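Asker:
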Amino acid sequence: MTVQAKICGINHPDAMEAAVQGGARYIGLVFYERSPRYVPPPTAAQLARLAPTGVRVVGLFVEPDDEFLERVVTNVPLDMIQLHGEEMPARVREIRETYGIEVMKAVKVADAADLDGAAAYQDVADRLLFDAKPPKNVAALPGGNGLSFDWTLLAGRTWTKPWMLSGGLTLDNVAEAVRATGATAVDVSSGVEDRPGHKVPAKIRDFLRVTGAL
(Lines of atoms letter the chains of each structure in order from A and count residues from 1; the text may use other names and numbers.)
(Lines give C-alpha, C1' and ligand atoms only; values in the text may rest on other atoms or scores of the structure.)
Protein backbone atom coordinates (compact mmCIF):
# COMPACT_ATOMS: atom_id res chain seq x y z
CA MET A 1 0.00 0.00 0.00
CA THR A 2 1.28 3.42 -0.95
CA VAL A 3 0.43 6.24 1.47
CA GLN A 4 0.37 9.70 -0.04
CA ALA A 5 1.16 12.69 2.17
CA LYS A 6 -0.02 16.28 2.29
CA ILE A 7 2.08 18.86 4.08
CA CYS A 8 -0.33 21.61 5.08
CA GLY A 9 0.42 25.14 6.18
CA ILE A 10 3.47 25.70 4.00
CA ASN A 11 4.46 29.36 4.29
CA HIS A 12 8.18 29.45 3.46
CA PRO A 13 10.25 28.32 0.46
CA ASP A 14 12.47 26.14 2.68
CA ALA A 15 9.45 24.14 3.85
CA MET A 16 8.18 23.87 0.29
CA GLU A 17 11.55 22.56 -0.88
CA ALA A 18 11.67 19.95 1.89
CA ALA A 19 8.14 18.80 1.09
CA VAL A 20 8.75 18.53 -2.64
CA GLN A 21 12.12 16.81 -2.32
CA GLY A 22 10.76 14.47 0.35
CA GLY A 23 8.01 13.21 -1.93
CA ALA A 24 4.88 15.01 -0.72
CA ARG A 25 1.97 14.46 -3.08
CA TYR A 26 0.03 17.51 -1.85
CA ILE A 27 1.01 20.95 -0.55
CA GLY A 28 -1.43 22.94 1.56
CA LEU A 29 -1.58 26.74 1.60
CA VAL A 30 -3.75 28.27 4.33
CA PHE A 31 -6.04 31.18 3.45
CA TYR A 32 -7.52 31.68 6.90
CA GLU A 33 -6.28 34.88 8.48
CA ARG A 34 -6.60 33.73 12.10
CA SER A 35 -4.20 30.88 11.48
CA PRO A 36 -0.48 31.26 12.23
CA ARG A 37 0.02 29.46 8.92
CA TYR A 38 -1.88 32.05 6.87
CA VAL A 39 -0.24 33.18 3.65
CA PRO A 40 -1.43 36.29 1.76
CA PRO A 41 -2.38 35.53 -1.85
CA PRO A 42 0.74 37.17 -3.40
CA THR A 43 3.05 35.06 -1.21
CA ALA A 44 0.94 31.98 -1.84
CA ALA A 45 1.24 32.50 -5.59
CA GLN A 46 5.04 32.54 -5.31
CA LEU A 47 5.05 29.37 -3.22
CA ALA A 48 2.59 27.57 -5.49
CA ARG A 49 4.82 28.17 -8.48
CA LEU A 50 7.60 26.25 -6.73
CA ALA A 51 5.53 23.07 -6.84
CA PRO A 52 6.58 20.86 -9.76
CA THR A 53 4.24 18.86 -11.95
CA GLY A 54 2.85 15.97 -9.95
CA VAL A 55 2.64 17.88 -6.67
CA ARG A 56 -0.87 19.19 -6.17
CA VAL A 57 -1.39 22.59 -4.53
CA VAL A 58 -4.35 22.74 -2.15
CA GLY A 59 -5.84 26.00 -0.88
CA LEU A 60 -7.40 25.74 2.59
CA PHE A 61 -10.35 28.03 3.26
CA VAL A 62 -12.73 28.44 6.18
CA GLU A 63 -16.20 29.59 5.14
CA PRO A 64 -14.83 31.95 2.47
CA ASP A 65 -17.01 34.54 0.80
CA ASP A 66 -17.21 34.70 -2.97
CA GLU A 67 -15.06 37.82 -3.27
CA PHE A 68 -12.13 36.32 -1.36
CA LEU A 69 -12.37 33.00 -3.15
CA GLU A 70 -12.39 34.73 -6.52
CA ARG A 71 -9.33 36.80 -5.60
CA VAL A 72 -7.33 33.77 -4.46
CA VAL A 73 -8.34 31.43 -7.28
CA THR A 74 -7.62 34.13 -9.87
CA ASN A 75 -4.13 34.82 -8.55
CA VAL A 76 -2.90 31.51 -7.10
CA PRO A 77 -2.58 28.35 -9.24
CA LEU A 78 -4.56 25.88 -7.13
CA ASP A 79 -5.29 22.26 -7.99
CA MET A 80 -7.79 21.79 -5.18
CA ILE A 81 -9.88 23.81 -2.74
CA GLN A 82 -10.10 22.49 0.83
CA LEU A 83 -13.11 23.68 2.84
CA HIS A 84 -12.34 23.43 6.53
CA GLY A 85 -15.23 25.28 8.14
CA GLU A 86 -18.91 24.54 8.63
CA GLU A 87 -19.79 24.76 4.95
CA MET A 88 -23.05 23.00 4.12
CA PRO A 89 -23.30 20.56 1.19
CA ALA A 90 -25.05 23.12 -1.02
CA ARG A 91 -22.17 25.57 -0.54
CA VAL A 92 -19.61 22.87 -1.33
CA ARG A 93 -21.46 22.06 -4.54
CA GLU A 94 -21.70 25.74 -5.46
CA ILE A 95 -17.96 26.34 -5.03
CA ARG A 96 -17.08 23.21 -6.99
CA GLU A 97 -19.35 24.18 -9.88
CA THR A 98 -18.33 27.85 -9.89
CA TYR A 99 -14.57 27.35 -10.05
CA GLY A 100 -14.23 23.99 -11.77
CA ILE A 101 -11.57 22.97 -9.25
CA GLU A 102 -11.65 19.80 -7.17
CA VAL A 103 -13.03 20.36 -3.68
CA MET A 104 -12.08 18.47 -0.53
CA LYS A 105 -14.41 18.85 2.45
CA ALA A 106 -13.07 18.49 5.97
CA VAL A 107 -15.25 16.58 8.43
CA LYS A 108 -14.50 17.23 12.10
CA VAL A 109 -14.72 14.04 14.16
CA ALA A 110 -15.26 13.43 17.86
CA ASP A 111 -17.64 10.46 17.75
CA ALA A 112 -19.38 8.10 15.34
CA ALA A 113 -22.26 10.51 14.76
CA ASP A 114 -19.83 12.98 13.19
CA LEU A 115 -18.84 10.36 10.64
CA ASP A 116 -22.47 9.68 9.83
CA GLY A 117 -22.75 13.31 8.77
CA ALA A 118 -19.99 12.85 6.22
CA ALA A 119 -22.33 10.97 3.90
CA ALA A 120 -24.03 14.23 2.88
CA TYR A 121 -20.78 15.47 1.33
CA GLN A 122 -19.98 12.43 -0.79
CA ASP A 123 -22.14 13.63 -3.68
CA VAL A 124 -20.87 17.22 -3.68
CA ALA A 125 -17.14 16.97 -2.88
CA ASP A 126 -14.35 15.22 -4.76
CA ARG A 127 -12.61 14.15 -1.56
CA LEU A 128 -13.17 13.99 2.18
CA LEU A 129 -10.73 14.78 4.97
CA PHE A 130 -11.29 13.51 8.49
CA ASP A 131 -9.85 15.77 11.18
CA ALA A 132 -10.24 16.01 14.94
CA LYS A 133 -13.05 18.25 16.12
CA PRO A 134 -11.46 21.38 17.65
CA PRO A 135 -11.78 22.06 21.38
CA LYS A 136 -14.58 24.34 22.51
CA ASN A 137 -12.65 27.49 23.27
CA VAL A 138 -12.33 30.80 21.48
CA ALA A 139 -8.63 30.33 20.76
CA ALA A 140 -9.07 27.03 18.94
CA LEU A 141 -8.58 26.96 15.19
CA PRO A 142 -10.81 24.99 12.81
CA GLY A 143 -7.81 22.71 12.25
CA GLY A 144 -4.10 22.46 12.96
CA ASN A 145 -4.58 22.13 16.70
CA GLY A 146 -2.38 19.06 17.03
CA LEU A 147 -5.27 16.92 18.26
CA SER A 148 -6.16 13.43 17.10
CA PHE A 149 -9.43 11.54 17.37
CA ASP A 150 -10.31 7.90 17.98
CA TRP A 151 -9.00 6.32 14.78
CA THR A 152 -10.95 3.12 15.37
CA LEU A 153 -14.08 5.07 14.42
CA LEU A 154 -12.90 4.88 10.81
CA ALA A 155 -12.07 1.17 10.87
CA GLY A 156 -14.25 -0.74 8.43
CA ARG A 157 -15.92 2.40 7.05
CA THR A 158 -16.14 2.81 3.31
CA TRP A 159 -16.71 5.98 1.30
CA THR A 160 -17.58 6.62 -2.31
CA LYS A 161 -14.89 9.28 -2.57
CA PRO A 162 -11.15 9.26 -1.75
CA TRP A 163 -10.30 10.52 1.72
CA MET A 164 -7.41 11.74 3.85
CA LEU A 165 -6.69 11.31 7.54
CA SER A 166 -5.66 14.37 9.53
CA GLY A 167 -5.46 15.50 13.13
CA GLY A 168 -2.48 15.24 15.45
CA LEU A 169 -0.36 13.12 13.13
CA THR A 170 3.36 12.97 13.80
CA LEU A 171 6.41 11.00 12.81
CA ASP A 172 5.81 8.77 15.83
CA ASN A 173 2.13 7.90 15.34
CA VAL A 174 1.41 8.06 11.61
CA ALA A 175 2.18 4.37 11.02
CA GLU A 176 -0.20 3.37 13.81
CA ALA A 177 -2.86 5.75 12.45
CA VAL A 178 -2.61 4.22 8.98
CA ARG A 179 -2.86 0.70 10.36
CA ALA A 180 -5.91 1.59 12.46
CA THR A 181 -7.84 3.40 9.74
CA GLY A 182 -6.68 1.98 6.43
CA ALA A 183 -5.92 5.50 5.22
CA THR A 184 -4.07 5.77 1.93
CA ALA A 185 -3.51 9.53 2.29
CA VAL A 186 -2.50 11.54 5.36
CA ASP A 187 -2.35 15.25 6.11
CA VAL A 188 0.09 16.82 8.59
CA SER A 189 0.60 20.39 9.76
CA SER A 190 1.51 20.98 13.41
CA GLY A 191 3.26 17.60 13.55
CA VAL A 192 6.16 18.94 11.47
CA GLU A 193 6.54 22.24 13.35
CA ASP A 194 8.53 23.38 16.36
CA ARG A 195 6.01 26.14 17.08
CA PRO A 196 2.67 27.09 15.51
CA GLY A 197 3.22 28.20 11.94
CA HIS A 198 6.94 27.37 11.76
CA LYS A 199 7.64 24.28 9.70
CA VAL A 200 10.93 22.46 10.29
CA PRO A 201 12.38 21.08 7.03
CA ALA A 202 14.06 18.15 8.83
CA LYS A 203 10.73 17.16 10.43
CA ILE A 204 9.02 17.33 7.05
CA ARG A 205 11.65 15.08 5.51
CA ASP A 206 11.46 12.60 8.41
CA PHE A 207 7.66 12.44 8.24
CA LEU A 208 7.74 11.84 4.49
CA ARG A 209 10.40 9.17 4.86
CA VAL A 210 8.10 7.24 7.22
CA THR A 211 4.95 7.64 5.11
CA GLY A 212 6.89 6.76 1.97
CA ALA A 213 7.81 3.43 3.53
CA LEU A 214 4.27 2.48 4.58
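Residues in the sequence shown are numbered from 2 upward in steps of one, following the numbering used here.
Note that CB positions come from ideal geometry on N, CA and C, so glycine has one too.
In this text, all values refer to a predicted model and were calculated from it rather than measured experimentally.
1. Check for me: the beta strand (DSSP E) holding Phe131 runs from which residue to which?
2. Which word fits Arg38, buried or exposed, when buried means at least 16 other C-beta atoms lie within 10 angstroms of its C-beta?
3. Taking the alpha-carbon positions, what's the Gln5 to Gly29 distance?
4. Could you name the residues of the same chain whose beta carbon sits closer than 6 Å to that of Ala184, not counting the 5 residues immediately before and after it, in chain order?
5. Here's a check: name, in chain order, each residue in its chain whose Cβ is nearer than 7 Å to the Cβ of Thr153, leaving out the five neighbours to either side.
6. Which word fits Gln47, buried or exposed, when buried means at least 16 other C-beta atoms lie within 10 angstroms of its C-beta?
7. Would Ala19 and Pro202 be called neighbours here (beta carbons separated by less than 8 Å)?
8. Quick check: the Cα distance between Ala133 and Thr75, rounded to an integer number of angstroms?
9. On the three-state DSSP scale, how would you describe Gly60?
10. For Met105, is the classification buried or exposed, using 16 other Cβ atoms within 10 angstroms of its Cβ as the cut-off for buried?
11. Using a Cβ-Cβ cut-off of 8 Å (strictly less than) and excluding sequence neighbours within five positions of Leu116, which residues of its own chain qualify?
12. Would you tell me roughly how many angstroms separate the C-alpha atoms of Lys204 and Ser36, rounded to the nearest one?
13. What's the gap between the Cα of Asp124 and the Cα of Pro163?
14. Smallest Cα separation from Ala178: which of Ile102, Ser149 and Val40?
15. Residues bridged to Val110 by DSSP?
16. Considering Asp188, what are the terminal residues of the beta strand (DSSP E) in which it resides?
17. With DSSP as the reference, please indicate the residues paired to Trp152 in a beta bridge.
18. Met17: buried (16+ other C-beta within 10 angstroms of its C-beta) or exposed?
19. If you reduce the DSSP assignment to three classes, tell me which class Gly192 lands in.
20. Going by C-alpha distance, which of Leu51, His85 and Met81 is nearest Phe62?
Answerer: The relevant details are as follows:
1. Note, Phe131: beta strand (DSSP E), Arg128 to Ala133.
2. Under this definition Arg38 is a buried residue.
3. For the pair Gln5 and Gly29, the Cα-to-Cα distance works out to about 13 Å.
4. The answer, listed in chain order, is Leu166.
5. Cβ neighbours of Thr153 beyond the five flanking positions: Ala181.
6. Gln47 comes out exposed.
7. Contact flag set, yes.
8. A direct Cα-to-Cα measurement between Ala133 and Thr75 gives close to 31 Å.
9. In the three-state DSSP reduction, Gly60 falls in the strand class (E or B).
10. Looking at its Cβ environment, which holds 16 or more other Cβ atoms inside 10 Å, Met105 is buried.
11. A distance below 8 Å between beta-carbons, with the five flanking residues on each side excluded, links Leu116 to the following residues of its chain, in chain order: Val108, Val110, Phe131, Leu154, Leu155 and Arg158.
12. Looking at the backbone, the Cα of Lys204 and that of Ser36 are separated by about 20 Å.
13. Between Asp124 and Pro163, the alpha-carbon positions lie close to 12 Å from each other.
14. With distances taken between Cα atoms, Ala178 lies closest to Ser149.
15. DSSP output for Val110 lists Ala133 as bridge partner(s).
16. For Asp188, the enclosing beta strand (DSSP E) starts and ends at Ala186 to Val189.
17. Under the DSSP definition of a beta bridge, Trp152 lacks any partner.
18. Here Met17 is buried. Its C-beta has 16 or more other C-beta atoms within 10 Å.
19. It is helical.
20. If we check each option's Cα against that of Phe62, His85 comes out closest.
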